[in-house]
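A.B. asks: Numbering follows the working numbering, in which position 343 of the sequence shown is assigned residue number 346; successive positions increment by one, without gaps.
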Amino acid sequence: MNDIERILGDEAESLLGYECRGINGGHLHLPGPDYVSRVLVDSNRSNTVLRNLQTILGHGRLGNTGYLSILPVDQGVEHSAGASFAPNPLYFDPGNLVELALEGGCNAIASTYGVLASVSRRYAHRIPFLVKLNHNELLTYPNRHDQTLFATADQAFELGAVAVGATIYFGSPESRRQIEEVSQAFERAHELGMVTVLWAYLRNPEFKQDDADYHTAADLTGQANHLAVTIGADIVKQKQATVNGGFKALNFGKTHERVYSELATDHPIELARYQVANCYMGRIGLINSGGSSGSDDLHQAVRTAVINKRAGGMGLISGRKAFQKPMAEGVELLHAIQDVYLSDAVTVA
């Protein structure tokens, strides 16, 4: 706990001592060693899906705690291989990415079909694979922001994956098509017994206003989470909320004043709690993304993990902060994230 407090610095007291006043933590379905048999047993998931989710939850340093630490590496397509791997060229080789996930004690590695297929015989039995099915590629000129299917659930199954992932850009003109495509892909993945993870991101230039960037508003991301679980996501990946009031500022959609006055006030744990609540009160686990790499990575990663755990979330999926460093430093950062979830002193607020 002392290391966590030291890393948080001046924020330690406000983050570690805060008690939620909005949505009561006692109403949540919280992560735990028995999460699959306690929470998901009520759902229509098949025995094979439940087994594969338990396989992910049982792996790595967080094994059998109910929490997740996943290494995502789809940035070679999403941001370009050069932008992603030039800081550490060893990671142009997919084998080194999987080794980072193993050494880092991760529950799973999430990456593109090509990355995981290229090393599947060596590693698919050693760490759970999550194949990302769609991507936004930036070689098209001028750039477009759209998610295109690169692989199928059947291809992921054949290489030995236990899970698939996909992104929907909620709020974008293409979102209706993406919802339909991903819903169908997730249905097929469930037929094959694989776990489904949705990157429930917002994408619309109008969401960025002079006063705030509402791509990370609690009310908008919360609704994206609600749509994600509606189409069959077993786990939702979301950017951690930093503001609120997106519906009000943009004057669209439908909301309720209580969302802002009581349920999701300004404290970061309250904002994240509202995101968890929209995942059917935790019946579907929420993992937050780690964000881009910078000069304050350790502090930001631990801060994000503390907020996620105290809000009732299921873990963190952090990539660039780990793989854009020498492997030893990347492993250290992943372990620091995991230490938050292993600490009994970091409780649900």
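Where a beta carbon is used, it is the ideal one built from N, C-alpha and C, also for glycine. No experiment lies behind these values; they were computed from the predicted model shown.
Taking the continuous alpha helix (DSSP H) assigned at Pro97, which residues delimit it?
C.D. replies: Pro97 to Glu106
A.B. asks: Inspect the CB distances between the stretch 306-320 and the stretch 255-274 and report whether three or more fall short of 8 Å.
C.D. replies: The stretch 306-320 vs the stretch 255-274: in contact.
A.B. asks: What span of residues does the beta strand (DSSP E) with Asn55 cover, start to end?
C.D. replies: Run containing Asn55: none in the beta strand (DSSP E); it sits in the alpha helix (DSSP H), Asn50 to Leu60.
A.B. asks: Please report the distance separating the alpha-carbon of Gly108 from that of Ile340.
C.D. replies: 11 Å
A.B. asks: State the CB to CB distance for the pair Leu74 and Gly322, rounded to an integer number of angstroms; the pair is presumed to be in contact (CB under 8 Å).
C.D. replies: 6 Å
A.B. asks: Which of the three DSSP states, helix, strand or coil, is assigned to Asn137?
C.D. replies: strand
A.B. asks: What is the C-beta distance between Leu103 and Phe326, in whole angstroms, given that I count them as a contact (C-beta under 8 Å)?
C.D. replies: 6 Å
A.B. asks: If you follow the beta strand (DSSP E) that Ile287 is in, where does it begin and where does it stop?
C.D. replies: Here Ile287 belongs to no beta strand (DSSP E), and DSSP marks it neither H nor E.
A.B. asks: State the beta-bridge partners of Val198 as determined by DSSP.
C.D. replies: Ala166
A.B. asks: Classify Ser123 as buried or exposed, calling it buried when 16 or more other Cβ atoms lie within 10 Å of its own Cβ.
C.D. replies: Under a 10 Å Cβ-count criterion, Ser123 is classified as buried, with 16 or more other Cβ atoms of the shown protein chains found around its own Cβ.
A.B. asks: Using DSSP's beta-bridge definition, name the partner residues of Asp77.
C.D. replies: Partner(s): none; Asp77 has no beta bridge.
A.B. asks: Taking the continuous beta strand (DSSP E) assigned at Ala113, which residues delimit it?
C.D. replies: Ala111 to Thr115
A.B. asks: Determine the extent of the beta strand (DSSP E) in which Lys240 is found, giving its start and end residues.
C.D. replies: Ile238 to Gln241
A.B. asks: To the nearest angstrom, report how far apart Glu332 and Thr350 are at their CA atoms.
C.D. replies: 27 Å
A.B. asks: By Cβ distance, which residues of its chain are closer than 8 Å to Gly66, with the 5 residues on each side in sequence left out?
C.D. replies: Leu60 and Asn110
A.B. asks: Arg191: which of Asp157, His82 and Gly285 sits nearest, CA to CA?
C.D. replies: Ranked by how close their Cα comes to the Cα of Arg191, the residues Asp157, His82 and Gly285 have Asp157 in first place.
A.B. asks: What did DSSP end up calling Val44 once you bin it into helix, strand or coil?
C.D. replies: helix
A.B. asks: Find the nearest neighbour of Gly98 within the set Asn5, Ser186 and Ser121, judged by alpha-carbon distance.
C.D. replies: Ser121
A.B. asks: Between the stretch 189-206 and the stretch 14-29, do at least 3 Cβ pairs fall closer than 8 Å?
C.D. replies: Under the Cβ criterion (8 Å, minimum of three pairs), the stretch 189-206 does not count as touching the stretch 14-29.
A.B. asks: Helix, strand or coil for Thr245, going by three-state DSSP, please let me know.
C.D. replies: coil
A.B. asks: Per the DSSP calculation, Asp269 is bridged to which residue(s)?
C.D. replies: Asp269 pairs with nothing; no bridge assigned.
A.B. asks: In the structure shown, what three-state DSSP assignment does Asp216 receive?
C.D. replies: Strand, per DSSP.
A.B. asks: Considering only DSSP beta bridges, list what Ser72 is partnered with.
C.D. replies: Leu319
A.B. asks: Between Ser17, Glu335, Thr199 and Tyr126, which lies nearest to Asp300 when the distance is taken from Cα to Cα?
C.D. replies: Glu335
A.B. asks: Compute the distance between the beta-carbons of Val239 and Leu319, then report whether it is under 8 Å.
C.D. replies: no
A.B. asks: According to DSSP, is Thr151 helix, strand or coil?
C.D. replies: Three-state result, Thr151: strand.
A.B. asks: Please report how far the alpha carbon of Leu345 lies from the alpha carbon of Arg41, in whole angstroms.
C.D. replies: 20 Å
A.B. asks: Can you tell me which of the three DSSP states Ala203 falls into?
C.D. replies: Strand.
A.B. asks: Take Gly294 as the anchor and find which of Pro90, Thr245 and His138 has the nearest alpha-carbon.
C.D. replies: Thr245
A.B. asks: Run the CB neighbour count on Leu119, radius 10 Å, all protein chains shown included, and call it buried at 16 or more, exposed below.
C.D. replies: Of the other Cβ atoms in all chains shown, 16 or more fall within 10 Å of the Cβ of Leu119; this residue is therefore buried.
A.B. asks: Considering only C-alpha positions, which residue in the set Leu71, Asp347 and Met330 is nearest to Asn91?
C.D. replies: Met330
A.B. asks: Looking only at its own chain, which residues have a Cβ that is under 6 Å from the Cβ of Gly168, when we skip the five neighbours before and after it?
C.D. replies: Ala113, Leu133, Lys135 and Val200
A.B. asks: At the level of alpha carbons, what is the spacing between Lys242 and Arg125?
C.D. replies: Roughly 32 Å separates the two Cα atoms.
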